[in-house]
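In our numbering, the protein residues as written are 679 to 993. Let me begin by presenting the structure, written as structure tokens, before commenting on it.
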Ligand code: NDP
């Protein structure tokens, strides 16, 4: 049978390119988990995806109710759930003031981490129940949250500190708008959320890999400088960033190539190892990359897990 993969944020950029790459194999049905139904359906059409190769299901990660409703709706499709890809993200580098999710969490961490945390926890039993030979839960990471790299050292750097802001509810009350309890900084909030994504993947691996047989993985697909992720950046940045990545850092990767990379992590029979953060070298060959000290801190991962459980109502 075909595999079924859920991809969050499949209406643009990496998520769309991955959905397209998987649907083109003829071996996958993609559940596009998107907040804007019309945008997703237009995007799938414009990408030339066969209409029988995907189903769009509404998901707004900025609302925990929407996440719970999504899980119900997906179960009603009565399709097996073989792979889940947590890909959607918001990036607000120029925001002067924080914005908040429906549940009152700072938006970047609320969407990129907490929404996905609840989604992944809820869908774990569905993954476990699937009879697919290689079941996977993939959370898209980033080099920018990884302070052992050049890109990860561009200020403001990711830093979760002692997680006091998260413990305080990340709701803007007192000093609880950033995970570390610091002042609001949209670029840092994004990087922090990506560290959370990488820590969460490893904590899933430690807690559930043996018991469930599910492969947990993260990845850095390369710098996809052309996606909508940079939509809120200043115009000069958006003009110069793609050529800078192409010719100076040489970290640039096209949306199509990045989509193929993520599709590999979804379906390649050789990428079944769990707990891995995948990256690609210049020849587009995958390798197991090292995470920064903070992004591989097991104590922090455990603390993050427990605090996140409370915030999303699982504990
Ligand atoms: P895009 O902005 O193109 O795509 C982000 C997707 O997330 C969109 O489909 C967007 O939906 C969706 N999304 C945003 N907020 C929500 C929400 N509240 N609920 C549901 N969906 C939402 O960016 P990219 O494709 O670049 O980003 C995809 C992933 O890749 C992210 O995890 C990002 O961190 C990661 N990444 C990107 C890199 C890059 O260089 N671009 C580098 C490394 C990692 P909508 O279409 O409705 O806006």
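We put the beta carbon where it would ideally sit given N, CA and C, even for glycine.
Along the length of the stretch 795-861, whole beta strand (DSSP E) runs at least 3 residues long occupy 814-818, reported in chain order. Under a 10 Å Cβ-count criterion, residue 765 is classified as buried, with 16 or more other Cβ atoms of the shown protein chains found around its own Cβ. Only residues of its own chain outside the window of five on either side were considered, and among them 992 have a CB closer than 7 Å to the CB of residue 799, listed in chain order. For secondary structure counted as the alpha helix (DSSP H) over 4 or more consecutive residues, the stretch 713-772 holds these complete runs in sequence order: 715-724 and 742-754. Straight-line measurement puts the Cα of residue 687 at about 21 Å from the Cα of residue 893. Just measuring C-alpha positions, the residue of 869, 987 and 945 sitting nearest residue 770 is 869. Closer than 7 Å to some heavy atom of the ligand NDP: that describes the Cβ of residue 901. Under the rule that a run must span 4 or more residues, the alpha helix (DSSP H) segments found entirely inside the stretch 905-965 read 913-921 and 933-945. Distance check between residue 965 and each of 896, 699 and 707 places 896 closest, using alpha-carbon atoms only.
In the structure shown, the three-state DSSP call for residue 990 is coil. The secondary-structure analysis by DSSP pairs residue 707 across a beta bridge with 682. Not one heavy atom of the ligand NDP falls within 7 Å of the beta-carbon of residue 874. Annotation for residue 894: the continuous beta strand (DSSP E) segment containing it runs 893-897. Excluding sequence positions up to five before and after residue 797, its CB lies within less than 6 Å of the CB of 745, all in the same chain and listed in chain order. One alpha carbon belongs to residue 732, the other to residue 707, and they sit about 5 Å apart. Annotation: the continuous alpha helix (DSSP H) that includes residue 870 extends over 864-890. In this structure, residue 898 and residue 820 form a Cβ contact; the two beta carbons are roughly 6 Å apart against a cut-off of 8 Å. When C-beta atoms of the stretch 688-703 are compared with those of the stretch 749-759, fewer than three pairs fall below 8 Å, so the two segments do not count as touching. Placement of the Cβ of residue 714 at a distance of less than 7 Å from at least one heavy atom of the ligand NDP is found. As a beta-bridge residue in DSSP terms, residue 784 pairs with 778. Taking every protein chain shown into account, the CB of residue 816 has 16 or more other CB atoms within 10 angstroms, so this residue is buried.
Taking the C-beta atoms as reference points, residue 872 is found nearer than 8 Å to residue 822. Residue 901 and residue 929 do touch by the CB rule: their CB atoms are close to 4 Å apart, below 8 Å. Between the ligand NDP and the CB of residue 768, the shortest heavy atom gap is smaller than 7 Å. If you check the CB distance, residue 845 and residue 985 come in under 8 Å. Beta-carbon to beta-carbon, residue 735 and residue 748 are separated by about 6 Å, close enough to satisfy the 8 Å threshold.
Pairing residue 836 with residue 843 gives a Cβ-Cβ distance that is not under 8 Å. Just measuring C-alpha positions, the residue of 954, 813, 717 and 684 sitting nearest residue 889 is 813.
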